[in-house]
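Inspection log for the structure reproduced underneath, given as structure tokens.
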Amino acid sequence: MSAPTQTPTARVPRDFVVIRFAGDSGDGMQITGSEFMAETALAGNDLSTFPDYPAEIRAPAGTTFGVSAFQIHFGAGEVMTAGDDLDALIAMNPAALKVNLKDLKPGGVLVCDLGAFTARNLTKAGYVENPLENNALSEYRVLKLDVTKLNAEAVKGFDLGTKEAVRSRNMWTLGLMLWMYGRDRHATVEWLLKKFAKKPEIAKANVAAMNAGHAFGETAELAAPSYSVAPASVAPGTYRTVTGTESLVWGLVAGAQAAALPRVVMASYPITPSSPVLHTLAGLKQFGIVTFQAEDEIAAMCAAIGAAYGGALGITSSSGPGIALKTEAIGLAVMTELPVVIINNQRGGPSTGLPTKTEQSDLYQAVYGRNGDTPLPVLSTATPSDCFEVGMEAVRIATKYMTPVLLLTDGYLANASEPWLIPDATRLPKFPVTFRTEPEGFQPYLRDPKTLGRVWAVPGTPGLEHRIGGIEKDYDTGHISYDDANHQKMTDTRAAKIDGIANDIPLQAVALGDDHGKMAVVGWGSTYGPIHQAVRALRAEGHNVSQIHIRYLKPFPRNLGDLLRRFDRVLVPEMNNGQLVSVLRAEYLVPAEKLSKVTGKPFKIAELVTAIRSRLEK
Amino acid sequence: MSAPTQTPTARVPRDFVVIRFAGDSGDGMQITGSEFMAETALAGNDLSTFPDYPAEIRAPAGTTFGVSAFQIHFGAGEVMTAGDDLDALIAMNPAALKVNLKDLKPGGVLVCDLGAFTARNLTKAGYVENPLENNALSEYRVLKLDVTKLNAEAVKGFDLGTKEAVRSRNMWTLGLMLWMYGRDRHATVEWLLKKFAKKPEIAKANVAAMNAGHAFGETAELAAPSYSVAPASVAPGTYRTVTGTESLVWGLVAGAQAAALPRVVMASYPITPSSPVLHTLAGLKQFGIVTFQAEDEIAAMCAAIGAAYGGALGITSSSGPGIALKTEAIGLAVMTELPVVIINNQRGGPSTGLPTKTEQSDLYQAVYGRNGDTPLPVLSTATPSDCFEVGMEAVRIATKYMTPVLLLTDGYLANASEPWLIPDATRLPKFPVTFRTEPEGFQPYLRDPKTLGRVWAVPGTPGLEHRIGGIEKDYDTGHISYDDANHQKMTDTRAAKIDGIANDIPLQAVALGDDHGKMAVVGWGSTYGPIHQAVRALRAEGHNVSQIHIRYLKPFPRNLGDLLRRFDRVLVPEMNNGQLVSVLRAEYLVPAEKLSKVTGKPFKIAELVTAIRSRLEK
Amino acid sequence: MTVITPPPAEKKVTAADFESDQEVRWCPGCGDYAILKAVQRTLAEVGARKENTVFVSGIGCSSRFPYYISTYGFHTIHGRAPAVATGLKLAQPDLDVWLVTGDGDGLSIGGNHLLHVLRRNVNMQLMLFNNEIYGLTKGQYSPTSRVGTRSPSTPLGSVDMPLSPTLFALGAGARFVARSVDTQQPHLVTVLKRAHAHHGTSFVEIFQNCVVYNDGVFDEFTDRSVAPDRQLLVEHGKPLVFGKAKNQGLRLKPNELELEVVTIGENGVSVADILVHDERNRALASLLGSLHPPDFPQVLGVLYCNPAPSFEDAVFGQMKAAANVGPKDLDSLMRTGRTWTVGG
Amino acid sequence: MTVITPPPAEKKVTAADFESDQEVRWCPGCGDYAILKAVQRTLAEVGARKENTVFVSGIGCSSRFPYYISTYGFHTIHGRAPAVATGLKLAQPDLDVWLVTGDGDGLSIGGNHLLHVLRRNVNMQLMLFNNEIYGLTKGQYSPTSRVGTRSPSTPLGSVDMPLSPTLFALGAGARFVARSVDTQQPHLVTVLKRAHAHHGTSFVEIFQNCVVYNDGVFDEFTDRSVAPDRQLLVEHGKPLVFGKAKNQGLRLKPNELELEVVTIGENGVSVADILVHDERNRALASLLGSLHPPDFPQVLGVLYCNPAPSFEDAVFGQMKAAANVGPKDLDSLMRTGRTWTVGG
Ligand SMILES: Cc1ncc(C[n+]2csc(CCOP(=O)(O)OP(=O)(O)O)c2C)c(N)n1
Ligand SMILES: Cc1ncc(C[n+]2csc(CCOP(=O)(O)OP(=O)(O)O)c2C)c(N)n1
Ligand code: SF4
Ligand code: SF4
Ligand SMILES: [Mg+2]
Ligand SMILES: [Mg+2]
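Keeping their order, the protein sequence lines are chains A, B, C and D. Sequential numbering of the first sequence, starting at 1, is according to the working numbering. Sequential numbering of the second sequence, starting at 1001, is according to the working numbering. Sequential numbering of the third sequence, starting at 2001, is according to the working numbering. Sequential numbering of the fourth sequence, starting at 3001, is according to the working numbering.
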């Protein structure tokens, strides 16, 4: 397919676009992508982004394993995933081309920096021949531009070293792409001036680079068209973009405030992809948040328990292997009935597995993975902005029911971002806790008759001195008890307390479609976006299919069983080998079917559409 | 009910008898019980015993929490549990009476040592009045004997201190009980002479004490009859009694020999009730068994992995909280596909729970409790002697499929004992392993096409140098791989390997009754005995009910689903809050019903009969 | 949460005020009883407030301790008490926390947490009951058991070198390291009071006799008949002398980093030759901690005390400094960075 | 299992023989490259047999090491390498095991296993790559980071006192403790050869520069311009002198357990006043290990070497002694104690 030429002024309208910026780790692709995202958000499009960092800290320049990429999906309507195949790919060097080309749609726009396609770089990337010089790219609209050189000219008036000059070529590329999609440049200019406030020469050079790229688009006769993407119609209000990490952290802060807890102790041990939760909270000391980098995950969990015992909200975070280490201590939190929020940022398993890839294979561990009969609530997050609500909800349940709560999110959500209608903090719900102070009639395992939550009696309170621990306790006195009937009663009570939460959470809604029909596609976690789009597409094709997305994994919403039974078939796509599907079958005896993908990557909308359609049709 | 008198010579025949010896920890009840067991076994009865130690190491003498007991159930037919209610209770002091009386049947024989019912002991036991002197015991056949005094007279001819004289009163009691049930004394005499070979005076005094007790029974007019229990008809061969611990350990030794592995490395960390496995193996150095008391459970699991990597059979053992700690490392064993047998001696949970009580609440943890999609085989033991076979089988599966195997047993089985037809070691199955030695074509993740087991390539082998680890590996080369399709393939392969074991284990048999019908009572683990007896009783009543007992919990036998579907109802009694029942429902969508008991104690036959009958009738 | 500042103790408290309502369930004769008494006495003597005092322990016979004290108590899980206690202090730095652990709990499974709590210098008293055995699990050898210890898991005797809790603590960076003996009440109380007065983690190793599984293992220096000749009770600034006649002493071998026992008045040795205890000298503490009978005395008392800021001080110092930095409320936090408004 | 006794090395091996087929993936300029080279050289110089050599590591940048060596290798899980290696040695005591760990892997999550492997004295070489940072997880502070380290998890600077790996190892009972620097090839190779020759756990701390997250943190003594004046390379039996002119030395303060830096030839100080290194003296090693620039030199080399029987020696000694004790085969084992026979 050869690229048709056209006049630069006529913009082709598009509803949805997926672009990926890819280059060497040192090429500034994350910044380029972020700026493109900002301008796109300001242009009123809905969007979703996903960064893809190399697994290595700093791989040698030019290698395929050193490629860093940033993908953005934006459009005139609702956008819920970072997108399937690419409409445009920016490849700053041969390695970036090598790694990313397979995702570019036939006919898609490919921007290559000729200046980086040197013999050396081609070899490093494993190319025997230069793909720009043979027929390898014939099915794309290739823009072979010597960006390095064009940019060098643009910035040569500034007092930059060669390195700095080369470095600014990402801004040139950004300028070109902003032109191509008809975006503004103001916000980026502002940002550059602020970022390099102390190095005005660099700031100005970068602005010049961007402007040059933009101008190039406007004036040159490119082998690709320019596009326009109309604004999406969104609710009025003030927006920002958030990653799942930010939104989760703010949700926890909001939860602590709603619970009227002036102190939060967050104890964690670094692990990919969970560390950013610790990092972000570490910067919020003014909110009464103490962060503690413990010696390991066990200590982190135990410190969170100690903090909760001391009347603070205990939080800990990790990923699969670290959550595994916390298991024994989680049992102690269940036994002592203390409020701790445990965040699992899931990654590819088993064992060390695929630390930088996403997966949702820790559901079994969350729901079942403890010794003894040790129930606890399990929540999950669906989108970056959903993390905010779920963070708050985890705090509410933990403090109201005096229980550890497991919050499942994943590596994809942690890093993905999307626009978010910022809530008004003063209008958020409140659920203040009560600490016991009255010694009269006090027993350490006194329960709220409605929630079955244990009293929160905090050291420092006169007259409430008592002892707790991991050995079974007498239902009435809270003393150690080896009594058989008491153990049964306590086991039943612990189960009833968690099951009872089902009465305090929303009924399960249908995310898309009717509440009955031929097929329900049931998901949880970060598959929300692709399932939503896939079901929408299938419904548009006329298929009788609905989407149900479960936030509350333990206990399930009261109506879930009935709801599922209203469908002829239940299909459960998961980024694991079939975990929710087995929990649903056990719970409701519905013949739910599994649809697994365990590749370390999110579902693509198209592959879901195909998979669901083939099942609908058989 | 008042006790009828009768002539001492007429023995009342009985089919089954349950006796419990109870006294202070210092009263030698375990020894008394064991000797009674030995004589009973030699008398040809089938039997089952269970010791009940105090939770405290050495509680103050005379307290209720310092009571130690030994229960034996024996009979003329098959005996499979330590018995429900007691036909006879020996209470060496008031505390023993206080704690144990509730289990004595109305009309049962109660032997009390009057000499120990002092004011001080009565107070310590919490008695306000002496129960021997009011009407409290009127529904039993009470033998109030001043054993202390009678025994003192019997041994006064020997050169014993007062303490030693008092100590021998357990032998007097033993003598009396041996008389009451018409047992021999030879074996005990022999044992006493051997045990006190270096202190012949003590040996003789003890023999005299026992003989005196026996003679007392023969000559005194007791308020209780004497009994005869005919020998059970058992298969010919040489027998012994075994505890679950002994039989498990020997099964592991047998397995290592069958696998032709000259070295076994057993790494463990002490924990109740699992420590005896370590202790027993520590005494078997002549079998090439290295035991290693590690610094914690994590180190123990890791050392077992290291040993398996080095070509030995790796074994580790623990109980719930310790297994929880091993979770992360178990994932490494799954990922590196190394043969490690992991023994979980279950106890009451959650958390520290009830360490000295039995429970089977770690099934979820065994089957599901890991991060990632991390399948491994799970086996369980049904009776003390069954532990031998399961121990061997765990070794077979671990080495044949190159996988960690989880073996679930429990605190009850560990300590319970029963007669065992000793197998002929030379006739046991053989399943020798092969170590890879051929460098040609070697890859570390090469698989046996039939089992999918990985090659076992051991350091020290020239030409096979390679690297393994917890990061996902390339299916072909075994190098680290972050490739998406490869991860899917490896995940599928790991699952297929474990699922495939279903083709290499026996089909699920029906333990009792037809292979179809109104109800299947499905159990696993140490509930075998009580379920068996309960189902037998119900069948005798004419109920259409069968017993299915599952040894292989992951993967299940191939025919299990079909088998279950042949019954109208499936009832799953478990000493947990309903774990197997949920796994069965998930797997087969059968509406299995739960029957839970979480009291730290085994099911009683009678309570099972009632519970099952009420369900059969509704 | 409001940290309730307790009213000043209104009346003098006694040791009996710190007895809980629980029946003590150690074996008759166990050294733990004596330690319990000494701690209750110490609490009385320092005028501790019940509501402000928390005992945190792991698992083991020793770790049952909190049940028997009438203050707040947390019997956690095996080896993890230091981590739980650290979290507690981060929630409420003003609580007076005592940590109880054993040689198995603290040095086997819990070695890492002990290491890090000492390194961080969290302000608490940490008592390690060293009976050189696992009591609760019925007598297996522990990391402090001597080579050759026969136990259920080492029927032919243990082969691994024991740890010295004192040297371990010093290596971990502990700022207060002391030792005493279960049954030496006045000495133990004195040491515990010093530990309580010290700001930071006060590590106290208590030699504790397990009558059931390791009876008499410390007799070589605790038995009354030999104690005066086998114990050196250090005091800061005082010469390192011991013996019934107080005429034995420790001298630094000239130009060598080794100690020797000398007799004052013999071979021209005078008191002036005897090394003077300096509890701020880590090297001295380490040398003293490695001496053992019969060739040397067992050194007891405060071997090392060299205060440094506690972890909580530093953490809450930063909290205070940061209290007014950055967005002040949730609304402004959520609005940091780029935002845009869609008209409605 | 048959332990395959490898044939004697037929030809001289070279460093290149120990390169694996894997592409090395550390950041360009990372100190790990230099260590890799030094280890490969050491293996060549000691004539190591590939098939008999195993590298075991935990998780971290440093722990990727085994992939780059052509021997056997096991990249285990975070912090647990010592335990895996111990198990391996119990299966095959004759293997030559090298353990690779980092300051986070070995001293944070893995502190307890490190402690116990050192105490037990399992025969292996243990290299701790100390870059005072968590490299792999992108730069959080570690237990060896200095107070005030700004990192993603400590934006206002870390507050906890760092551990000294050397003092920790000595406190744990290590019998061989040495130190070297990534880029000081001849010195590092010499130290590694000593470690290899030592029977028991040889603990080697290697100061390793993380160019990305902690660049230059050791410059104060590794930078070429200052190294001679800031490094003291110890040798057993040699006086503790350093400095470009070799005229600086360490002296024990008279009658005190403290070291001071003196200049030979000044104030009447002669070489005879300088302390002589005795690598068997633990107290000296501990004092040397605690010295830091700028007031003192950084001490490198074998600080302590005092061999004792290894764990495997003792374990397999017992195995041998017990080989003929008790029932010899399974049949007789199962028939120990009381049996009875039912006729058939
Ligand atoms: C995770 C876990 N592992 C093992 C145990 C079993 N356990 C309880 S206490 C103990 C050792 C106690 O030794 P020590 O700390 O010296 O206390 P002591 O009983 O001697 O006072 C062990 C191994 C446990 N409770 N939890
Ligand atoms: C159980 C577990 N917790 C946390 C991690 C994440 N993690 C990997 S390496 C590392 C720290 C590495 O630091 P260090 O040992 O100093 O190695 P370096 O990268 O600096 O060489 C951490 C926290 C993990 N892989 N596993
Ligand atoms: S076992 Fe030992 S330490 Fe435990 S209570 Fe008894 S005497 Fe004390
Ligand atoms: S992050 Fe640091 S330690 Fe890790 S490879 Fe890069 S430079 Fe080396
Ligand atoms: Mg102990
Ligand atoms: Mg590091």
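Note that beta-carbon positions come from the ideal geometry of N, C-alpha and C, so glycine has one too.
Is any heavy atom in ligand 4 found nearer than 7 Å to the beta carbon of residue i?
i	result
ASP2223 (chain C)	no
TYR3068 (chain D)	no
Examine ligand 5 and report whether any of its heavy atoms sits within less than 7 Å of the Cβ of residue i.
i	result
ASN2131 (chain C)	yes
Got a sec: does ligand 1 put a non-hydrogen atom nearer than 7 Å to the Cβ of residue i?
i	result
PRO2152 (chain C)	no
CYS2061 (chain C)	yes
GLU1297 (chain B)	yes
ASP1568 (chain B)	no
Is there at least one Cβ from chain C nearer than 8 Å to residue i's Cβ?
i	result
GLN1579 (chain B)	no
LEU376 (chain A)	no
ILE1057 (chain B)	yes
ASP3331 (chain D)	no
GLN1293 (chain B)	yes
Tell me, to the nearest whole angstrom, how far the beta carbon of residue i is from that of residue j; I am working on the premise that it is less than 8 Å.
i	j	result
ASN1093 (chain B)	ASP1024 (chain B)	6 Å
ALA2015 (chain C)	ARG2041 (chain C)	5 Å
ILE3035 (chain D)	HIS3078 (chain D)	ILE3035 (chain D) to HIS3078 (chain D), Cβ: 20 Å. No contact.
Any beta carbon from chain D within less than 8 Å of residue i's own beta carbon?
i	result
MET2124 (chain C)	no
PHE65 (chain A)	yes
Can we count residue i as close to ligand 6, meaning its CB is less than 7 Å from some heavy atom?
i	result
TYR3134 (chain D)	yes
So with Cβ pairs under 8 Å, would you call residue i a contact of chain B?
i	result
ILE323 (chain A)	yes
CYS2305 (chain C)	no
SER2108 (chain C)	yes
For ligand 3, is there any heavy atom lying closer than 7 Å to the beta carbon of residue i?
i	result
CYS1302 (chain B)	no
ILE2206 (chain C)	no
Could you tell me whether any non-hydrogen atom of ligand 2 is closer than 7 Å to the CB of residue i?
i	result
LEU325 (chain A)	yes
Report task. Could you name each continuous beta strand (DSSP E) segment of 3 residues or more that falls completely within the region 222-255 of chain A, going from the start of the chain to the end? Result -> Taken in chain order, the complete beta strand (DSSP E) segments of 3 or more residues contained in the region 222-255 of chain A are 226-228 and 237-243.
Query - Any beta strand (DSSP E) of 3 or more consecutive residues that is wholly inside the region 2110-2147 of chain C - result: Runs of the beta strand (DSSP E) spanning 3 or more residues and lying entirely within the region 2110-2147 of chain C occur at 2124-2130, in chain order.
Query raised in the report: With contact counted as at least three CB pairs below 8 Å, one residue from each stretch, are the region 1548-1555 of chain B and the region 1359-1378 of chain B in contact?
Result: As far as the Cβ criterion goes, the region 1548-1555 of chain B touches the region 1359-1378 of chain B, which means the pair count is three or higher.
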